[in-house]
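As given, the protein sequences belong to chains A and B, one line each in that order. Under the numbering used here, the first residue of the first sequence is numbered 3, with each subsequent residue one higher. Under the numbering used here, the first residue of the second sequence is numbered 3, with each subsequent residue one higher.
Number of protein chains: 2
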Amino acid sequence: MPPTDGEAERKIIPQAVIKRLSLYSRILQDLELENVEKISSADLGRRLGFNSAQVRKDLACFGQFGVPGFGYYVSDLRKNLRSILGKDRTVRVILIGVGNLGSALISYHGFTKQGFKMMWGFEAQPEAATQRVRSEVPIYHVDELESKIQGESVDIAVLAVPATEIQSIAERVVAAGVKAILNFVPARIEVPEEVQVRYVDLALELESLSYYVR
Amino acid sequence: MPPTDGEAERKIIPQAVIKRLSLYSRILQDLELENVEKISSADLGRRLGFNSAQVRKDLACFGQFGVPGFGYYVSDLRKNLRSILGKDRTVRVILIGVGNLGSALISYHGFTKQGFKMMWGFEAQPEAATQRVRSEVPIYHVDELESKIQGESVDIAVLAVPATEIQSIAERVVAAGVKAILNFVPARIEVPEEVQVRYVDLALELESLSYYVR
DNA sequence: TAGATTGTTAATCGATTAACAATC
DNA sequence: TAGATTGTTAATCGATTAACAATC
Numbered sequence: 003m004p005p006t007d008g009e010a011e012r013k014i015i016p017q018a019v020i021k022r023l024s025l026y027s028r029i030l031q032d033l034e035l036e037n038v039e040k041i042s043s044a045d046l047g048r049r050l051g052f053n054s055a056q057v058r059k060d061l062a063c064f065g066q067f068g069v070p071g072f073g074y075y076v077s078d079l080r081k082n083l084r085s086i087l088g089k090d091r092t093v094r095v096i097l098i099g100v101g102n103l104g105s106a107l108i109s110y111h112g113f114t115k116q117g118f119k120m121m122w123g124f125e126a127q128p129e130a131a132t133q134r135v136r137s138e139v140p141i142y143h144v145d146e147l148e149s150k151i152q153g154e155s156v157d158i159a160v161l162a163v164p165a166t167e168i169q170s171i172a173e174r175v176v177a178a179g180v181k182a183i184l185n186f187v188p189a190r191i192e193v194p195e196e197v198q199v200r201y202v203d204l205a206l207e208l209e210s211l212s213y214y215v216r
Numbered sequence: 003m004p005p006t007d008g009e010a011e012r013k014i015i016p017q018a019v020i021k022r023l024s025l026y027s028r029i030l031q032d033l034e035l036e037n038v039e040k041i042s043s044a045d046l047g048r049r050l051g052f053n054s055a056q057v058r059k060d061l062a063c064f065g066q067f068g069v070p071g072f073g074y075y076v077s078d079l080r081k082n083l084r085s086i087l088g089k090d091r092t093v094r095v096i097l098i099g100v101g102n103l104g105s106a107l108i109s110y111h112g113f114t115k116q117g118f119k120m121m122w123g124f125e126a127q128p129e130a131a132t133q134r135v136r137s138e139v140p141i142y143h144v145d146e147l148e149s150k151i152q153g154e155s156v157d158i159a160v161l162a163v164p165a166t167e168i169q170s171i172a173e174r175v176v177a178a179g180v181k182a183i184l185n186f187v188p189a190r191i192e193v194p195e196e197v198q199v200r201y202v203d204l205a206l207e208l209e210s211l212s213y214y215v216r
């Protein structure tokens with residue numbers, strides 16, 4: 003039986019589908035800038051190296067967006083994807099650990115370009131970090147984490163703290179109500195299963211490449 | 003019929019297996035520091051959330067490293083994995099585009115910790131970048147790319163240039179003989195298929211998380 | 001020897017691709 | 001209408017997991 007209400011009964015969508023949706027969304031962004039009005043699943047797939055059936059099936063997870071015999075209206079599909087991905091409103095991000103890597107992430111242009119709002123940075127040595135960074139984003143002492151999050155909601159926490167700190171920081175962030183974590187620290191964290199965690203392990207990427215060049 | 007020589011007939015290994023191998027290798031590194039002598043596939047898997055059969059099957063792609071009824075000798079398995087991953091020698095890395103993100107990557111401690119050698123950075127404005135970075139790694143003008151690579155071999159090029167530059171930089175790097183690219187720029191590049199390319203798309207990670215918090 | 005755990009084959013599961021009726 | 005392309009079902013492919021004989 004089909005879901006009777008629009009929101010609550012979302013079926014479980016594979017993570018891989020969500021990633022491809024983001025990719026489609028970007029291509030559509032480019033196409034819109036180029037004033038392209040329509041695109042077929044075959045063309046959209048070709049730009050990313052995907053099969054046309056895969057494009058249609060990914061989209062079919064969320065509804066019917068195309069016109070048989072014609073294709074998809076670029077602007078219409080883009081709107082729909084943005085809404086599906088939750089990008090039709092401001093997504094609020096904080097960064098914890100404004101060291102070497104964190105300094106780059108807090109002012110990373112790619113985040114802003116894709117419409118994320120970097121709210122605050124948190125650091126154990128906030129003065130040094132503030133000097134280093136030169137960005138509009140205010141940097142607070144990590145002790146203020148809970149008090150800042152309280153009140154103003156935060157969607158995603160980006161973690162770039164030392165490995166020794168990661169578990170305790172993750173727990174504090176979760177306790178403060180954050181539901182999604184992007185972790186740049188090469189260590190697994192244990193959080194309740196309703197909290198979404200993604201790992202970006204930079205050295206791991208190099209390692210997997212080094213296999214092919216030996 | 004089994005391969006008759008040790009090197010040439012490597013069978014095609016899924017990328018996912020190689021990534022897991024790197025993860026195993028790190029766990030073993032930790033265990034060795036803790037003076038743990040042996041580990042079973044079940045314990046190794048548990049640390050990463052993998053099934054024990056998967057651990058054994060991944061390892062089986064490359065040989066028999068375990069002792070039935072006992073498990074794996076930590077130090078022995080680690081040596082084998084390092085050799086498989088090509089980490090039993092210095093892996094030489096260069097970085098192109100020493101801007102905001104590139105500045106962090108060139109001196110990223112995680113790379114050094116995992117035994118990679120960051121050779122040089124290349125930039126269109128090398129003076130500004132050199133001032134910004136404060137690391138031992140010398141930064142050259144991007145015009146010197148070919149002449150520097152010539153002679154001293156480079157295993158992996160990390161790219162963090164502006165999106166408009168990415169395709170031409172990729173082509174130059176490949177022409178200079180580099181066989182593996184780690185691309186932080188959110189744009190697909192076209193290279194000969196023997197060149198290995200991995201994409202790290204930071205905004206994409208946030209996008210896929212934002213789906214879960216809307 | 002008895003117990004434990006490997007390496008490997010067979011079964012299961014999920015994701016990708018092909019095919020095609022529906023339809024604009 | 002004829003042609004093109006969707007949405008969706010069925011077929012294929014590959015990856016994960018279970019099971020177990022081999023063996024330390």
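Glycine residues also receive a C-beta, built at the ideal position from the N, C-alpha and C atoms. Remember, it's a predicted structure, so these values are computed and weren't measured experimentally.
Check                                                                                                                      : Outcome
Contact with chain B by Q127(A), beta-carbon distance below 8 Å                                                            : no
Any C-beta of chain A under 8 Å from that of Q17(B)                                                                        : yes
Residue span of the alpha helix (DSSP H) that contains V175(B), given as start and end                                     : 168-177
Three-state secondary structure assigned by DSSP to L87(B)                                                                 : coil
C-beta neighbour in chain A for D7(B), strict 8 Å                                                                          : Note that D7(B) scores a pLDDT of 36, beneath 50, so its modelled location is shaky and nothing firm can be said.
Beta-carbon spacing of F118(A), V95(A) below 8 Å                                                                           : yes
Cut-off 7 Å between Cβ atoms - residues of its own chain near V19(A), not counting five sequence neighbours on either side : D60, C63
Pick from G153(B), S210(B), R174(B), Q152(B) that is closest to L161(B), judged by C-alpha positions                       : R174(B)
Selection of the stretch 48-82 of chain B by Cβ proximity to chain A, strictly under 9 Å                                   : R49, L50, G51
Stretch-stretch touch, CB-based, cutoff 8 Å, three pairs: the stretch 31-48 of chain A with the stretch 65-81 of chain A   : yes
Any C-beta of chain A under 8 Å from that of F124(B)                                                                       : no
Whole-angstrom distance between A177(A) and I108(A), CA atom to CA atom                                                    : 22 Å
Burial state of I14(A), where buried means 16 or more other Cβ atoms lie within 10 Å                                       : exposed
Beta-carbon proximity of A182(A) to V215(B), cut-off 8 Å                                                                   : yes
Supposed close pair Y213(A), L87(B) - CB separation, criterion 8 Å                                                         : 5 Å
Neighbourhood of A159(A) by C-beta, 7 Å cutoff - its chain only, sequence neighbours within 5 removed                      : I96, I98, V175, V180, I183
Neighbourhood of A44(B) by C-beta, 6 Å cutoff - its chain only, sequence neighbours within 5 removed                       : S54
In DSSP terms, what H218(A) is bridged to                                                                                  : Outside the displayed range of chain A (3 to 216) lies residue 218(A), so it cannot be described from this structure.
Closer than 8 Å at the beta carbon, the chain B residues around R174(A)                                                    : None at all; the shortest Cβ gap to chain B is about 18 Å.
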